[in-house]
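Trainee: One structure follows; several queries about it will come next.
Protein chains: 2
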Amino acid sequence: MRQDDEGPVAADALDRVTWALRRTESAVQALKEQRLRPLGMAAAHYSLLMRVHADPGLTGAELARRLNVTPQAVASLVARLEDRGQLERRPHPRHRHVQELHLTDAGQDALRVADAVVAEIEQQITDKLGPEDAARLTALLGQAADAVRET
Amino acid sequence: MRQDDEGPVAADALDRVTWALRRTESAVQALKEQRLRPLGMAAAHYSLLMRVHADPGLTGAELARRLNVTPQAVASLVARLEDRGQLERRPHPRHRHVQELHLTDAGQDALRVADAVVAEIEQQITDKLGPEDAARLTALLGQAADAVRET
DNA sequence: TGGCTACTGTCAAACGTTTGATACGTGCCC
DNA sequence: GGGCACGTATCAAACGTTTGACAGTAGCCA
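In order, the protein sequences belong to chains A and B. Mapped onto this note's numbering, the consecutive letters of the first sequence carry residue numbers 1 to 151. Mapped onto this note's numbering, the consecutive letters of the second sequence carry residue numbers 1001 to 1151.
What follows is the structure, given as structure tokens:
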């Protein structure tokens, strides 16, 4: 009988899906940061602006949930983006002290420029994999995310 | 002629591979943190221990490069793990003030317990996708990482 | 041998995020 | 209508990381 039955610290742990996921995401994020920095925009800013662009009128708390960060982190980013004139906080029609988030025209412009950079990275991956494998990768990632959330 | 020719902020930006990658990685990391916390170990600690387990004798700087973090972050984690008696810093045979990193027996045990949790999450994903799709996902992630690094 | 270069490790400070706690406004149920 | 629960927003403090700068050591070449 082997004595590692309880778990030999899996020698193939570095071949796992979760490990590959971590490495790839890390590489993509690093490249994104690197190319976004010259434009004066952090990756977190881009993600937030894109989210607000997709769902205008979001509240800070709701935005925090969708980005998987805390409301305080969102508030910090929003304050900065508002100072730059890229984001706007409007009073909510029903709730008085709730603020709706909307992109300004300047925010739209900044997002368009930043998105070109991200789209280029996306293209880089799509070129390497081909259209069908890229679509398959996206689908598989979606299934993996579902598997994790179904806990 | 449409005026968005320069880029309409891609309405399908949320269907991108990079976006799916971000969401999935975030979900996996969140679950990992959640299940590792009761064991008194952060995800960053697990990653570091697993790396040292795979390549014993690594230096802090080399470890930092492989984990995509700064040497200072590694030094901070190493100090804590050393205090817990899970990690050991031995003098490098050739370079005098260079420290080699090795797991202690206690470190091995802690890693084994933590790895069981991570392996369970891996299994959760593999069960959902099936063996062949899981392998395909890993392969596609590897190709995507290569595409990004080939810049 | 002397000096240059590259790599490693550590210190100090700034930044961003999380954690914890508090106050305000709304909607629901008794 | 009064009271309770939920969601939102904000403040203060602790934590972890990055950025920037510095000292020590080994390898290389003139």
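Even for Gly, the Cβ is constructed at its ideal location relative to N, Cα and C.
Taking one C-beta from the stretch 92-105 of chain A and one from the stretch 1114-1124 of chain B each time, how about it: are there three or more such pairs within less than 8 Å?
Mentor: no
Trainee: What does the alpha-carbon distance come out to for the pair A:R66 and B:T1126?
Mentor: Residue mapping note: residue 66 of chain A aligns to position 66 of the first sequence, counting from 1. Residue mapping note: residue 1126 of chain B aligns to position 126 of the second sequence, counting from 1. Their Cα atoms are separated by approximately 25 Å.
Trainee: Distance, Cα to Cα, A:Q143 vs A:L129?
Mentor: The residue labelled residue 143 of chain A in the question sits at position 143 within the first sequence. The residue labelled residue 129 of chain A in the question sits at position 129 within the first sequence. Approximately 19 Å, taken between the alpha carbons.
Trainee: Under DSSP, the beta strand (DSSP E) around A:R89 begins and ends at which residues?
Mentor: By one-based count along the first sequence, residue 89 of chain A stands at place 89. That run of the beta strand (DSSP E) goes L87 to P91.
Trainee: Kindly say whether A:E25, judged by its beta-carbon, lies nearer than 8 Å to any beta-carbon of chain B.
Mentor: Counting from 1 along the first sequence, the entry for residue 25 of chain A is found at position 25. Yes - at least one Cβ of chain B is within 8 Å of the one on A:E25.
Trainee: Exposed or buried, which one is B:A1145 when buried takes at least 16 other CB atoms within 10 Å?
Mentor: Taking the first residue of the second sequence as position 1, residue 1145 of chain B is located at position 145. In summary, B:A1145 is buried, with 16 or more beta-carbon neighbours lying within 10 Å of its beta-carbon over all protein chains present.
Trainee: Identify every residue that forms a DSSP beta bridge with B:L1101.
Mentor: Start at 1 with the first residue of the second sequence, and residue 1101 of chain B comes out as number 101. Looking at the DSSP assignment, B:L1101 forms a beta bridge with B:L1058 and B:R1089.
Trainee: From the beta carbon of B:A1147, is the nearest beta carbon of chain A less than 8 Å away?
Mentor: Start at 1 with the first residue of the second sequence, and residue 1147 of chain B comes out as number 147. Contact of B:A1147 with chain A is assigned, a C-beta pair being separated by under 8 Å.
Trainee: For A:A135, report the span of its alpha helix (DSSP H) as first-last.
Mentor: Within the first sequence, the letter at position 135 stands for residue 135 of chain A. Taken as a continuous stretch (DSSP letters only), the alpha helix (DSSP H) holding A:A135 covers P131 to R149.
Trainee: Reducing DSSP to helix, strand and coil, say where B:V1017 ends up.
Mentor: Taking the second sequence and counting its residues from 1, one reaches residue 1017 of chain B at position 17. Three-state DSSP puts B:V1017 in a helix.
Trainee: How about A:G107: is its C-beta nearer than 8 Å to some C-beta of chain B?
Mentor: Taking the first residue of the first sequence as 1, we reach residue 107 of chain A at position 107. A:G107 does not count as touching chain B.
Trainee: On a CA-only basis, which of A:D109, A:E132 and A:L141 is nearest B:V1009? Give me that one, please.
Mentor: As a working note, residue 1009 of chain B is residue 9 in the second sequence. Nearest of A:D109, A:E132 and A:L141 to B:V1009, Cα basis: A:D109.
Trainee: If contacts are defined as beta-carbon pairs under 8 Å, then A:V52 and A:L101 qualify, I think. What distance do you get, rounded to the angstrom?
Mentor: Taking the first sequence and counting its residues from 1, the one referred to as residue 52 of chain A is at position 52. Taking the first sequence and counting its residues from 1, the one referred to as residue 101 of chain A is at position 101. With 8 Å as the limit, A:V52 and A:L101 qualify as a contact, their Cβ atoms being about 5 Å apart.
Trainee: Return the chain-ordered list of same chain residues with a C-beta closer than 8 Å to the C-beta of A:I121, the five sequence neighbours on each side being excluded.
Mentor: Taking the first residue of the first sequence as 1, we reach residue 121 of chain A at position 121. Cβ within range, chain order: V28, L31, K32 and R35.
Trainee: Return the residue from the list B:T1059, B:H1045, B:V1078 and B:E1150 that minimises the CA-CA distance to B:R1094.
Mentor: If you number the second sequence from 1, residue 1094 of chain B lands on position 94. It is B:T1059 whose Cα lies nearest to the Cα of B:R1094.
Trainee: Would you tell me roughly how many angstroms separate the C-alpha atoms of A:E88 and A:S47, rounded to the nearest one?
Mentor: Here residue 88 of chain A refers to the residue found at position 88 when the first sequence is read from its first residue. Here residue 47 of chain A refers to the residue found at position 47 when the first sequence is read from its first residue. The straight-line gap from Cα to Cα measures roughly 16 Å.
Trainee: List the endpoints of the continuous alpha helix (DSSP H) containing B:A1075.
Mentor: Stepping through the second sequence from its first residue, residue 1075 of chain B is reached at position 75. Here the alpha helix (DSSP H) through B:A1075 covers P1071 to D1083.
Trainee: As a quick exercise: from A:L81, A:E25, A:G57 and A:A13, pick the residue whose alpha carbon is nearest that of B:D1055.
Mentor: To locate residue 1055 of chain B, count along the second sequence from 1; it is residue 55. The option with the nearest alpha carbon to B:D1055 is A:A13.
Trainee: Out of B:A1134, B:A1119 and B:Q1124, which has the shortest C-alpha to C-alpha gap to B:M1050?
Mentor: As a first step, residue 1050 of chain B must be located in the second sequence, where it is residue number 50. Nearest of B:A1134, B:A1119 and B:Q1124 to B:M1050, Cα basis: B:A1119.
Trainee: To the nearest whole angstrom, what separates the beta carbons of A:L140 and B:R1136, a pair I think is in contact under 8 Å?
Mentor: Taking the first sequence and counting its residues from 1, the one referred to as residue 140 of chain A is at position 140. Taking the second sequence and counting its residues from 1, the one referred to as residue 1136 of chain B is at position 136. Confirmed, Cβ separation roughly 7 Å.
Trainee: Would you mind sorting B:R1016 into buried or exposed? The rule is 16 or more other CB atoms within 10 Å of its CB.
Mentor: Numbered from its first residue, the second sequence carries residue 1016 of chain B at position 16. Buried, by the Cβ-count rule.
Trainee: Helix, strand or coil for B:H1045 per DSSP?
Mentor: Counting from one through the second sequence, the residue named residue 1045 of chain B turns up at place 45. Of the three classes helix, strand and coil, the one that applies to B:H1045 here is helix, per DSSP.
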